[in-house]
Amino acid sequence: MSALQRQIVQNKITRTSGTPGSEVVNLRTGATTAAKLQTRPPPLSSAFKGHIQFYGFSVNVDWVRKFTERHLGSELPNFSTTLFWFLQYLRAKSQYAEIGVKGAMIDSDTLSHATICEGLAGDAQVTIITLCAWDKASWDNRPTQAQVKIVSAIMEAEPQWFIDINTPDMYY
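At position 104 of the sequence shown (counting the first as 1) the number is 103 in numbering that gives the first Met the number 0, and the numbers step up by one without a gap.
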């Protein structure tokens, strides 16, 4: 059953009121909530069947280091510490606690600005800052459009969908 079909069955069809980041009005009850992210991932090819798709930003190590140094006034001891501080900064500014880090497959959109690193299996990958994933639990807790806008402004980029580097059997 699609998400739209579930909404119809539950009689919770909503409409947005105004611009992105505004409220959503429940047509049945009149209740309002913050508008959620609506961007859906592209379909996966059969080669990646079962892989999780994450919505977020590719990480450029030098950019994150410089950003952190500008805001703290000094460099942190290593990139793990720097990335941890940066994630906490993003969470605090956006008021969205589900921001995380994952490894993702490299595609043509990430090559120009992301730092390519070697994964545990020796494969080239890119580190991504995730906002949500295309699975029920994560999608149900996805950020609002206003929260995505805040993180996008900090990252100086628009989020995109990435394919998880891990194979499905690593999760199940």
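Even for Gly, the Cβ is constructed at its ideal location relative to N, Cα and C.
(request) Thinking Lys101 and Phe53 are a contact (beta carbons under 8 Å), I'd like their distance in whole angstroms, please. (result) Numbered from its first residue, the sequence shown carries residue 101 at position 102. Numbered from its first residue, the sequence shown carries residue 53 at position 54. 6 Å between Cβ atoms; contact.
(request) Check whether the Cβ atoms of Ile98 and Leu75 sit closer than 8 Å, and answer yes or no. (result) Numbered from 1 along the sequence shown, position 99 holds the residue referred to as residue 98. Numbered from 1 along the sequence shown, position 76 holds the residue referred to as residue 75. Taking 8 Å as the Cβ cut-off, Ile98 and Leu75 do not qualify as a contacting pair.
(request) Determine the DSSP secondary structure at Trp160, reduced to helix, strand or coil. (result) Mapped onto the sequence shown, residue 160 falls at position 161. Note: Trp160 maps to strand in three-state DSSP.
(message) DSSP has Glu117 in a bridge; who is on the other side?
(response) Sequence index remark: in the sequence shown, residue 117 carries index 118 (1-based). Bridge partners of Glu117: Ala123.
(message) Closest to Gly121 by C-alpha separation, out of Gly49, Asn165, Leu43, would be which residue?
(response) Walking along the sequence shown from the start, residue 121 turns up at place 122. Cα-wise, what sits closest to Gly121 is Asn165.
(message) Just verifying my parser: in three-state terms, what is the DSSP assignment at Ser57?
(response) Taking the first residue of the sequence shown as position 1, residue 57 is located at position 58. Strand.
(request) Could you tell me if Leu119 is buried or exposed, where buried requires 16 or more neighbouring beta carbons within 10 angstroms of its beta carbon? (result) Looking up residue 119 in the sequence shown gives position 120. Taking all protein chains in view, the Cβ of Leu119 is surrounded by fewer than 16 other Cβ atoms within 10 Å, so the residue is classified as exposed.
(request) Along the alpha helix (DSSP H) that carries Lys179, what are the first and last residues, could you check? (result) This structure does not reach residue 179, given that the chain is present from 0 up to 171, and the question cannot be answered.
(message) Starting from Ala103, trace the beta strand (DSSP E) in both directions and tell me its first and last residue.
(response) Residue 103 sits at position 104 when you count from the first residue of the sequence shown. 99-103 is the extent of the beta strand (DSSP E) around Ala103.
(request) List the DSSP bridge partners of Ile51. (result) The residue given as residue 51 occupies position 52 in the sequence shown. None; Ile51 has no bridge partner.
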